[in-house]
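In our numbering, the protein residues as written are 326 to 443.
Inspection log for the structure reproduced underneath, given as structure tokens.
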Amino acid sequence: MVMKCSKRNLTGNLIIFQDAMLEEFRANDTFEGKEIRDFRIPPKKSLIVAIFLSCIFSIGAIMLIQRFSLLSNWKGISSLAFAVAFDAILMYTFIEYTKLPEQGKVQATVDGRAVKLH
């Protein structure tokens, strides 16, 4: 037996499920019986890839510095300093742009009053 499920019906069921979970959380202040995954710990595979890429880029940078003798004169030293500063500013911008909002600041309004969501 094949059941046909429309996208609209599926969305409605998800909203009903979310509402039921929210009501359960408001009543018990917890999600009982639900597995909560901690998203703050990055997966090991991503860490290994990041370490591998940083090693490759570091070796490439060292080879570039040696090949063009960038540490032998002030022009090369200032170019390296500028590149490091630019990279730091660029990474800071990317990190700040991709930050999630603080959890304590999320609020919703129910019947005209503010309700803090956990």
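Idealized CB from N, CA, C, for every residue including glycine.
| Query | Result |
| --- | --- |
| Span of the alpha helix (DSSP H), counted from its first residue to its last, around E421 | W399 to Y422 |
| Spatial neighbours of S404 in its chain, beta-carbon cut-off 8 Å, leaving aside the 5 residues before and after | L395 |
| Start-to-end residues for the alpha helix (DSSP H) that takes in L378 | K369 to F393 |
| Any non-hydrogen atom of the ligand ZN within 6 Å of E357 CB | Looking for the ligand ZN in the displayed structure turns up nothing, as the structure carries no ligands at all. |
| CA-to-CA distance, I390 to L339, given in whole angstroms | 56 Å |
| Straight-line gap, V374 to A410 (C-alpha atoms, nearest Å) | 24 Å |
| Pairwise C-alpha distance: Y422 and N353 | 35 Å |
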